[in-house]
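One structure is given here, and the rest of the page talks about it.
Chains as they are written, first to last, in the working numbering: chain A, 8 to 121; chain B, -15 to 99.
And the structure:
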């Protein structure tokens, strides 16, 4: 097991284009989280899944953002009609349980919207 | 709404020095607190996890303490090395309020250890 894997590591896109990121959690981790981090700030919560169910979305997530976790395995985060303000590091984390377990993060996807 | 503050924002020390990073949180209804390390342009590496019922955790040269009632945690790094240079983030897993079930992060402390 190599930990949480995110793809791509870097993405440069033109404003208005759609982008999709993928996260592969640690095997058998049933909780999966998406966070966004801008320069000099701590990560901010976007959404999370318990198995395939999306339990909550942050108000930071506009209608242009959608996340899925089919079959409770990998997850995708799609941003439609990207804006320059979407430029950030998108981090995925997984944990085997809830309150008593660590969250493990991937290396992140750096998005630059030009 | 939970708020997490880390002090200092940046710290520069000579190699070999012992140092303390501080983290405070406004809502004591937490399940646990986690300290992370982040290298420039990279993801987060978990360093220590302290459950809300625990007072401290140790891993090698790192020791983290938790005082839940006062909303404070400290990360102690002994005998610092240049390889310790990174941003250190603390995060609480919230047990109540609008932040329930999510990690709330501080803004981090940027640590530089010079030879």
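Using N, Cα and C, we set each Cβ at its ideal position, and we do this for glycine too.
Query, Result
"Residues of the stretch 15 to 38 of chain B whose Cβ lies closer than 8 Å to any Cβ of chain A, in chain order", "15, 16, 18, 20, 25, 26, 27, 28, 29, 30, 33, 35"
"Contacting residues, own chain, Cβ-Cβ under 6 Å from residue 99 of chain B (five flanking each side not counted)", "-1, 66"
"At least 3 beta-carbon pairs within less than 8 Å: the stretch 38 to 46 of chain A vs the stretch 96 to 109 of chain A", "yes"
"Counterpart residues of residue -5 of chain B in DSSP-defined beta bridges", "B:95"
"Beta bridge counterpart(s) of residue 29 of chain A as assigned by DSSP", "A:14, A:83"
"Sequence-distant residues of the same chain with beta carbon closer than 8 Å to residue 55 of chain B, five excluded per side", "8, 9, 10, 11, 12"
"Proximal residues to residue 14 of chain B (C-beta, below 7 Å), its chain only, five neighbours per side dropped", "36, 52, 76, 77, 78, 79"
"Helix, strand or coil at residue 78 of chain A according to DSSP, with G and I counted as helix", "helix"
"Range of the contiguous beta strand (DSSP E) that encloses residue 64 of chain A", "60 to 64"
"Per-residue burial, residue 46 of chain A [other beta carbons within 10 Å of its own, 16 or more giving buried]", "exposed"
"Distance, residue 3 of chain B Cα to residue 94 of chain A Cα", "34 Å"
"Closer than 7 Å at the beta carbon, the chain B residues around residue 50 of chain A", "89"
"Secondary structure of residue 159 of chain A, DSSP reduced to three states", "Missing from the structure shown is residue 159 of chain A; chain A here goes from 8 to 121 and no further."
"CB contact flag (residue 76 of chain A, residue 59 of chain A, <8 Å)", "yes"
"Rounded C-alpha distance that separates residue 19 of chain B from residue 94 of chain B", "13 Å"
"Backbone CA spacing between residue 45 of chain B and residue 92 of chain A [nearest angstrom]", "39 Å"
"Endpoints, the beta strand (DSSP E) within which residue 116 of chain A is located", "116 to 120"
"Collapsed DSSP secondary structure at residue 82 of chain B in the structure displayed", "helix"
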